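*Asks:* First residue of the sequence shown: 180, per my numbering; consecutive thereafter. Where a beta carbon is used, it is the ideal one built from N, C-alpha and C, also for glycine. All figures in this text were calculated on a predicted structure; none of them were measured in a lab. Below: one structure in structure tokens.
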Amino acid sequence: MPPPVFRFAPSPNGYLHLGHAYSALLNAEAARQSGGRLLLRIEDIDATRCRPEFETAIYEDLGWLGVRWATPVRRQSEHLADYRAALDRLAAMGLLYPGFESRAEVARLVAEREARDVWPRDPDGAPLYPGTATSLPADERERLLRSGTPFALRLDMEAACRLAGDLIWIEHGSGPGGESGEVIARPKAWGDVILARKETPTSYHLSVVIDDALQGVTDVVRGQDLFWSTSVHRLLQQLLGLPQPAYRHHDLIRDGAGTKLSKSTAATGLRELRSRGVTPEGVRGLIGLP
Ligand code: GLU
180 MPPPVFRFAP
190 SPNGYLHLGH
200 AYSALLNAEA
210 ARQSGGRLLL
220 RIEDIDATRC
230 RPEFETAIYE
240 DLGWLGVRWA
250 TPVRRQSEHL
260 ADYRAALDRL
270 AAMGLLYPGF
280 ESRAEVARLV
290 AEREARDVWP
300 RDPDGAPLYP
310 GTATSLPADE
320 RERLLRSGTP
330 FALRLDMEAA
340 CRLAGDLIWI
350 EHGSGPGGES
360 GEVIARPKAW
370 GDVILARKET
380 PTSYHLSVVI
390 DDALQGVTDV
400 VRGQDLFWST
410 SVHRLLQQLL
420 GLPQPAYRHH
430 DLIRDGAGTK
440 LSKSTAATGL
450 RELRSRGVTP
460 EGVRGLIGLP
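Below, the structure written as structure tokens:
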């Protein structure tokens with residue numbers, strides 16, 4: 180069997196904190212123990228939030244921690260053509276449709292539904308798409324497309340699930356409810372997810388799945404906050420005929436109040452800790468690693 184391939188895939192939209200250190204070190208350790216490789220992937224598709232100085236800081240902070248990765252580093256912003264090709268395939272299968280509502284319009288539609296009844300939310304707590312894009316008459320859709328009206332490309336979840344059938348994944352870690360082993364994927368819980376937008380011609384779900392396949396990733400080790408995203412990833416892998424990695428979702432590092440870390444602060448940021456004289460060994464101690 181070829182050696183396993185792991186990856187650490189941060190987004191350069193802020194400085195790394197203890198949560199990132201934990202994930203990167205778990206990946207590095209798993210690669211070392213299994214005689215595998217660790218890749219680094221820069222998930223920089225969101226041009227409005229990602230900045231070059233954060234990317235530079237990722238290399239510096241990981242290097243300081245003692246994490247080593249195989250090169251070249253894959254930067255998602257340089258591979259938009261790969262995501263485009265996948266979108267074309269899904270479109271040819273009749274699984275995509277354009278939604279022309281702005282974010283504000285979507286929010287208004289949700290508020291309208293919620294005023295009448297309980298409206299379902301996805302595993303991240305965001306309301307499902309309430310739009311009416313699928314019932315848009317074909318000539319109206321054509322007119323909007325021709326007029327250059329911005330749209331989001333959405334996955335027709337019902338049709339996609341019909342085509343893909345039942346799916347599971349192998350979980351070596353655990354989910355928020357202790358799920359482990361063979362986990363049943365529940366992509367419908369996400370509704371008609373956006374796979375591309377006008378300003379960002381791909382999405383987290385799509386690029387992660389394409390890259391894991393193109394980079395030969397065999398083992399995905401990441402935070403438990405992404406556990407249920409795996410449902411969508413399995414669906415896309417199945418539709419696009421891509422191999423499925425094994426998954427290990429790890430617990431999250433939380434702050435004193437028990438909240439998941441979202442940005443680097445004096446107490447949790449790797450640069451901040453370093454400037455206060457904390458050593459890489461000290462960081463390991465803070466996150467409970469030997
Ligand atoms: N880029 C994602 C993040 O920083 C991680 C993606 C993944 O590991 O699948 O949260």
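Would you report the Cα separation of Gln255 and Val457, rounded to the nearest angstrom?
*Replies:* 32 Å
*Asks:* Could you check whether Asp225 and Thr328 sit closer than 8 Å to each other, using their CB atoms as the reference points?
*Replies:* no
*Asks:* What residue range is occupied by the uninterrupted alpha helix (DSSP H) comprising Ala462?
*Replies:* Correcting the residue type first, residue 462 is Val in the shown sequence and not Ala. Segment Pro459 to Leu465, the alpha helix (DSSP H) holding Val462.
*Asks:* When DSSP labels each residue in this structure, what does Tyr201 get in the three-state scheme?
*Replies:* helix
*Asks:* Give the single residue among Cys340, Pro181 and Gly402 whose Cα lies nearest to the Cα of Ala203.
*Replies:* Gly402
*Asks:* Looking at the unbroken beta strand (DSSP E) that takes in Arg295, where does it start and where does it end?
*Replies:* Looking at the DSSP string, Arg295 is not in any beta strand (DSSP E); the run it does join, the alpha helix (DSSP H), is Arg282 to Arg295.
*Asks:* Could you tell me which uninterrupted beta strand (DSSP E) segments, each at least 3 residues in length, are contained entirely in the region 360-410, listed from first to last along the chain?
*Replies:* 360-363, 373-376 and 398-402
*Asks:* Report the rounded CA-to-CA distance for Leu205 versus Gly420, giving the unit in angstroms.
*Replies:* Distance between the alpha carbons of Leu205 and Gly420: 29 Å.
*Asks:* Bridge partners for Tyr165 per DSSP, in chain order?
*Replies:* Examination of residue 165 is not possible in this model, given that the chain is present from 180 through 469 alone.
*Asks:* How is Tyr194 classed by DSSP in three states: helix, strand or coil?
*Replies:* coil
*Asks:* How would you label Ala375, buried or exposed, when you count the other beta carbons within 10 angstroms and need 16 or more for buried?
*Replies:* Burial is judged here by how many other beta carbons sit within 10 angstroms of a residue's own beta carbon; Ala375 has at least 16 and is buried.
*Asks:* Quick check: the Cα distance between Val388 and Gln416, rounded to an integer number of angstroms?
*Replies:* Here the alpha carbon of Val388 sits roughly 7 Å from the alpha carbon of Gln416.
*Asks:* Taking the straight line between their C-alpha atoms, what separation do you get for Arg341 and Pro424?
*Replies:* Spanning the two alpha carbons is a distance of roughly 22 Å.
*Asks:* Tell me, please, whether the region 440-449 touches the region 393-402 by the rule of three or more beta-carbon pairs shorter than 8 Å.
*Replies:* no
*Asks:* How would you label Arg433, buried or exposed, when you count the other beta carbons within 10 angstroms and need 16 or more for buried?
*Replies:* exposed
*Asks:* Closer than 7 Å: is that where the CB of Arg300 sits relative to any heavy atom of the ligand GLU?
*Replies:* In this structure, Arg300 has its beta carbon at no less than 7 Å from each heavy atom of the ligand GLU.
*Asks:* Whose C-alpha, out of Leu218, Leu269, Thr235 and Ala209, is nearest the C-alpha of Asn192?
*Replies:* Thr235
*Asks:* Which residues in the same chain have their Cβ closer than 6 Å to the Cβ of Pro302, if we skip the five residues on either side of it in sequence?
*Replies:* Ala368 and Trp407
*Asks:* Is the closest heavy atom of the ligand GLU to the C-beta of Ser190 under 7 Å?
*Replies:* yes
*Asks:* Could you tell me which uninterrupted beta strand (DSSP E) segments, each at least 3 residues in length, are contained entirely in the region 227-267, listed from first to last along the chain?
*Replies:* 249-254
*Asks:* What would DSSP say about Asp452, mapped onto helix, strand or coil?
*Replies:* Looking at the sequence shown, residue 452 is not Asp but Leu. Reduced to three states, the DSSP call for Leu452 is helix.
*Asks:* To the nearest angstrom, how far is it from the Cα of Gly198 to the Cα of Asp318?
*Replies:* 49 Å
*Asks:* Can you tell me whether Val252 sits near the ligand GLU, meaning its C-beta is under 7 Å from at least one heavy atom of the ligand?
*Replies:* No, since every heavy atom of the ligand GLU falls outside the 7 Å radius drawn around the Cβ of Val252.
*Asks:* Of the choices Val400, His258 and Pro277, whose alpha-carbon is the least far from that of Glu208?
*Replies:* Val400
*Asks:* I need the straight-line Cα distance from Ser144 to Pro277, nearest angstrom please.
*Replies:* The question about residue 144 has no answer, for the chain in this structure spans 180 to 469.
*Asks:* Which residue comes first and which comes last in the alpha helix (DSSP H) that contains Ala317?
*Replies:* Ala317 to Arg325
*Asks:* Does at least one heavy atom of the ligand GLU sit under 7 Å from the Cβ of Leu393?
*Replies:* For Leu393, the shortest C-beta to heavy atom distance toward the ligand GLU is 7 Å or greater.
*Asks:* To which residues does DSSP link Tyr276 through a beta bridge?
*Replies:* Arg333
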